[in-house]
Amino acid sequence: RCWFDPARNPETELAAGHLLLSYKYTPPPPLERLTYETEITSEYLLTLKGGN
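Start counting the sequence shown at 1; every next residue gets the next number (the numbering used here).
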């Protein structure tokens, strides 16, 4: 979420080309587990034949 707060952006600062936008941010936690899931398929064999 990002927002403009008029109280933190006085006219003198805006006239000088200074704009303050506020936003909320949540840093991501460190990755502790990454899991891959396998799906057996023959669709890639079709590309050898010039199919989809």
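Every residue gets a Cβ at the ideal spot worked out from N, C-alpha and C, and that includes glycine.
All values reported here derive from a predicted model rather than from experimental measurement.
Let me check one thing: in DSSP terms, what residues is LEU21 bridge-paired to?
Taking the first residue of the sequence shown as 1, we reach residue 21 at position 21. In the DSSP output, where bridge partners are listed per residue, LEU21 has PHE4.
Quick one: give me the first and last residue of the alpha helix (DSSP H) that ALA16 is part of.
Taking the first residue of the sequence shown as position 1, residue 16 is located at position 16. ALA16 -> no alpha helix (DSSP H), and no H or E assigned at all.
Give me, in chain order, the residues of the same chain whose beta-carbon lies closer than 8 Å to that of LEU21; leave out the 5 immediate sequence neighbours on both sides.
Residue mapping note: residue 21 aligns to position 21 of the sequence shown, counting from 1. Cβ neighbours of LEU21 beyond the five flanking positions: CYS2, TRP3, PHE4.
Determine the DSSP secondary structure at LEU31, reduced to helix, strand or coil.
Taking the first residue of the sequence shown as position 1, residue 31 is located at position 31. Looking at LEU31 - three-state DSSP - the assignment turns out to be coil, as it is neither helix nor strand.
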